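For reference, the structure discussed in these notes is given below.
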Amino acid sequence: RAEVVKRHNAPGMASMSEQVASPSAASFSDLAQAVASALPAATVTVGIANFAVKDLTRFMTREVTIGNEPILIALVAQGLGNPSVVNWCEANALPLFIKLANNDPSAASLRKAGKNIFMLAHGEGCKMASAAGEPSGCTMTLCAVNRMRREVFTCLVGSSRVGLFAPGGSTMLAHGDLPTPLTSHGVTCARRGIGSLAAGGAGPRFVSPEPSCSIIPISARGGDVLICSDCVWDELNVASIASLALASPTAESAAKLIVEGVAAQQYAYSQEGYGLPREDTTCIMLRVGPLAAKGQPDGSPTMSRSGTLSRAARALRKLRMSSKPPASDTPVMTPFSSSGTATPCSLYNDEGSPQGSPQGSPQGSGSPQGSESDSD
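All residue numbers for the sequence shown refer to this note's numbering, where the first residue is 620 and numbers rise by one.
So this is what it looks like as structure tokens:
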């Protein structure tokens, strides 16, 4: 720009043209600090509840910085058959995702990195299954909340889902298994997954690692992002999950109530072992925005702790009553135990353009917004 100005100015104006220069790195740094102070990153609290039966579920959260933007990443992987594949995902998925993002926090970059992780995991899983001589695979859900941009990125394969529960309604962010048949290398696939899935005898040739991805913005009022194992969605409807989540004062209490609700629902017709889940049950709750700061889902005046706990207890009691377990003299066992520690760790369409704010009824009917089409 300085050369253009110098060429077209009069000789007497040369000194002014020499002062034209590109912005310095310091000016960009000052601008970034000004934006950060004007638009602070959203607060996020993490709640984790887990009950292990087969001990084939792996989960974790991690706080990272990508391109100077804070991002909270959560992972839930459910093993099928030999645990070697799910163990590999636990050890490598998040580090590789951070590396492949290449210090770029944009939606397009995260989406590309997420897809590559699933492809790499599937390749490793097929090798492990072949070496073990038995089925070894897993389903996996990867979710990342960009606290600066207030976006939530979701990428998953399997029969699970990810839900966003906000004061304005509930939205299912992505579906792992879709009703339309998938094709991979000219072969109709039985389902989406990683490695060789034991369920249904689906070998690597009939498994597609192509994930269902979506990125959606979170409103200024905040919301609860729920990442969990598939049995949660199998046993509880979206309305019940939303009532338990929004009635809970903290993310941790919400996760525990949902796991307890799954156990109560699974024993609707049999009280043998009542109160304990029949399969691995994991729930990770990411409470974003004002919900995390105030503990209130609707921005109303702060409710007392006892009042909020009473509201959550009523929601769980209603769910228990709907299951109607038969009367028995068998003592009720402990409803759940939680384990796992949270270590500090949005949706766009296929072209990378942002979708609208989450919409939908509390019942969560309808298809996920911003996710890939069934024909992918």
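Even for Gly, the Cβ is constructed at its ideal location relative to N, Cα and C.
Since the model is a prediction, treat every value here as computed from it, not as a measurement.
Item: Integer-rounded CB distance, given that Ser755 should sit under 8 Å from Gly666; Value: Going by Cβ atoms, the distance from Gly666 to Ser755 rounds to 31 Å, so no, they are not a contact pair.
Item: Where the beta strand (DSSP E) containing Ser833 begins and where it ends; Value: Ser831 to Pro836
Item: Closest residue to Ala693 among Cys762, Pro836 and Gly812 (Cα-Cα distance); Value: Cys762
Item: Cβ-Cβ separation, Met738 to Pro868 (assumed contact under 8 Å), whole Å; Value: No, Pro868 and Met738 are not in contact; Cβ-Cβ is about 41 Å, not under 8 Å.
Item: Within 8 Å, strictly: CB atoms of Val844 and Val776; Value: no
Item: Cβ neighbour criterion (16 or more within 10 Å) applied to Gly842; Value: buried
Item: Contact between the segment 720-737 and the segment 832-839 (3+ Cβ pairs under 8 Å); Value: yes
Item: Backbone CA spacing between Asp917 and Ser838 [nearest angstrom]; Value: Any reading at Asp917 must be qualified, since the residue scores a pLDDT of 38, below 50, and its modelled position is unreliable; no value is offered.
Item: Of the residues Pro702, Leu729 and Phe772, the one placed nearest Glu743, counting alpha carbons only; Value: Pro702
Item: Member of Cys902, Ser872, Val672 and Pro909 whose CA lies at the smallest distance from the CA of Met679; Value: Cys902
Item: Whole-number beta carbon distance between Ala861 and Phe784, since they are thought to touch under 8 Å; Value: 5 Å
Item: Where Arg997 falls: helix, strand or coil (DSSP); Value: Residue numbering for the chain in the displayed model covers 620 to 995; residue 997 lies beyond these limits and cannot be assessed.
Item: Leu775 in three-state terms, based on DSSP; Value: strand
Item: Closest Cα partner of Asn722 within the set Arg906, Glu753, Pro689 and Asn706; Value: Pro689
Item: When Gly698, Ala668 and Thr664 are compared against Leu1062, the one with the closest alpha-carbon; Value: Nothing about residue 1062 can be read from this structure; the chain reaches only from 620 to 995.
Item: Residues near His741 by beta carbon distance below 6 Å, same chain, minus five either side; Value: Ile813 and Pro828
Item: Segment limits, alpha helix (DSSP H) that includes Asp853; Value: Asp849 to Glu854
Item: Opening and closing residue of the alpha helix (DSSP H) in which Pro828 lies; Value: Where Pro828 is concerned, there is no enclosing alpha helix (DSSP H), given that its DSSP letter is neither H nor E.
Item: Nonlocal neighbours in the same chain, by C-beta distance under 7 Å from Ala660, ignoring five residues either side; Value: Pro689, Arg766 and Met767
Item: Rounded Cβ spacing between Arg810 and Val826 (contact assumed at less than 8 Å); Value: 7 Å
Item: Proximity winner among Ala864, Arg677 and Val878, relative to Ser789 (alpha-carbon distances); Value: Ala864
Item: Exposure of Glu770, with buried meaning 16 or more beta-carbon neighbours within 10 Å; Value: buried
Item: Ile685 versus Val695 - alpha carbon distance; Value: 21 Å
Item: Cβ neighbour criterion (16 or more within 10 Å) applied to Ser859; Value: buried
Item: Through-space distance from Ser815 to Ile846, alpha-carbon basis; Value: 23 Å
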